[in-house]
Amino acid sequence: MKPEALQQLYDEAYAEQYNARFITHQNHGGKTAAEREVLDKAFGRIGPSARWLDLACGTGYFLAQFPNINRTGLDLSPGMLAYARKNNPDVPLVQGDFRNRDLFAPGSFDVISSMWWAYSYLETFSEIEQFVSNVSYWLADDGIFFLPIGDYTILAQTWSPVPQELPYHLNPNLQIGGGIRITGLTWSYDDVGGKRHENMLFPQPPEMVAMMRRHFPSAFEFTYTQYYRAVLASKSDLDPSFVADIVARYHTAVVADKRSKSSAPKGLRGVKRLVSRVLGLR
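Taking the working numbering, the leading residue of the sequence shown gets 1, the next gets one more, and so forth.
Structure (structure tokens):
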């Protein structure tokens, strides 16, 4: 969507109801709690001096959960930022577009996050990759990028009586002169009050992970609260103990290299085997 349309969509009236509808609502409370936990583990991995940037910070809900962290928020919407300032009066909140690399200096942050699929409002896959590239530019060499990612499966399992999953690689027998990948789709959301979130982009998870791996040598995809997905990425090797903690906490892990789901590892030995596969140790 165009920036002007997004600013109109996410106005002050929308900001007032956003947390209750999408963050603290009973349908999303487990998702929100898990995301808070992952952020907390990331801050623990970096240490008390961690510098955190929350991209598309919206109402500032997540920023307000960690008052002892050095926090910065970025959002395109003046209305959302006005609400965010109510609960984060001392936090630098920047109005801007995360496609703009010049917003922050290289290596400015130790942890960067972006919640609720904000990247899906970008207009092309190339813009999504520019967003990922900018995060890599702003992130310290040993920093952590936490990105919940969306895909059709989430929408289907949430709202469809018969969940469907799109293939990524089509049947090779049907391919003529090369390979075909279904790299993603667009979707729209007719919201209450006549608001419409139009033509949002969902790269398929393998496509999104491949995109991230072009900018982050270490990227670990996992699922949480049944079917939500996220990626933890770094420009240096992710600490195996940090990954093991995430694997042990959540029920399913997705190994990005293999593009396949692995059932929950049983016991410490199972966790170690899965972590080794995720990090390419064997």
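By construction, the Cβ of each residue, glycine as well, lies at the ideal position given by its N, Cα and C atoms.
If you're wondering where the values come from, they're calculated on a predicted model, not measured in any experiment.
Problem - Pick from Glu127, Ala5, Lys41 and Glu12 that is closest to Ser241, judged by C-alpha positions - result: Lys41
Problem - Close beta carbons around His118, own chain, < 6 Å, minus the five adjacent residues each side - result: The displayed chain sequence assigns Ala, not His, to residue 118. Taken in chain order, the residues that qualify are Ala56.
Problem - Three or more C-beta pairs below 8 Å linking the segment 119 to 133 and the segment 57 to 64 - result: no
Practice task
Pull up the distance between the alpha-carbon of Val91 and that of Val192, whole angstroms please.
Solution key: 31 Å
Practice task
Taking only the alpha-carbon atoms, compute the straight-line gap between Thr24 and Gln130 and give it to the nearest angstrom.
Solution key: 31 Å
Problem - For Gly79, the first and last residue of its enclosing alpha helix (DSSP H) - result: Pro78 to Asn87
Exercise for the section: Decide yes or no for the touch test of the segment 86 to 105 against the segment 31 to 46: beta carbon pairs closer than 8 Å, at least 3 of them. Expected result: no
Handout entry: Assigned exposure category for Arg249 - 16 Cβ within 10 Å defines buried
Key = exposed
Exercise for the section: Tell me whether the beta-carbon of Gly184 lies closer than 8 Å to the beta-carbon of Pro203. Expected result: yes
Practice task
Give me the Cα-Cα distance between Arg71 and Arg51, rounded to the nearest whole angstrom.
Solution key: 6 Å
Problem - As assigned by DSSP and simplified to three states, the class of Trp138 - result: helix
Problem - Status (buried if at least 16 other CB within 10 Å, exposed otherwise) for Ser77 - result: buried
Practice task
Just the C-alpha distance for Ser49 and Ile112, rounded to the nearest angstrom, thanks.
Solution key: 14 Å
Practice task
Kindly list the residues whose CB is nearer than 6 Å to the CB of Tyr14, restricted to its own chain and excluding five residues on each side of it in sequence; keep chain order.
Solution key: none
Handout entry: Sequence ranges, beta strand (DSSP E) only - wholly within the segment 18 to 52, length at least 3
Key = none
Exercise for the section: Output the distance between the C-alpha atoms of Ser236 and Tyr137, rounded to the nearest integer angstrom. Expected result: 13 Å
Handout entry: CB-CB length for Met80 against Gly58, believed under 8 Å
Key = 5 Å
Exercise for the section: Note down the Cα distance separating Leu201 from Ala233, rounded to an integer number of angstroms. Expected result: 21 Å
Practice task
Go to Met211, then tell me how far its alpha helix (DSSP H) extends in each direction, as first and last residue.
Solution key: Pro205 to Arg213
Problem - Which of helix, strand or coil DSSP assigns to Ile180 - result: coil
Exercise for the section: From the DSSP output, in three-state form, read off Glu127 for me. Expected result: helix
Practice task
Please name the residue in Ile246, Glu198 and Ala84 whose C-alpha comes closest to that of Thr223.
Solution key: Ile246
Problem - Of the listed residues Asp151, Lys86, Ser218 and Arg214, nearest to Ser188 (C-alpha basis) - result: Asp151
Practice task
Return the Cβ separation of Arg99 and Glu127 in integer angstroms, given the expectation that the two are a contact with Cβ distance under 8 Å.
Solution key: 6 Å
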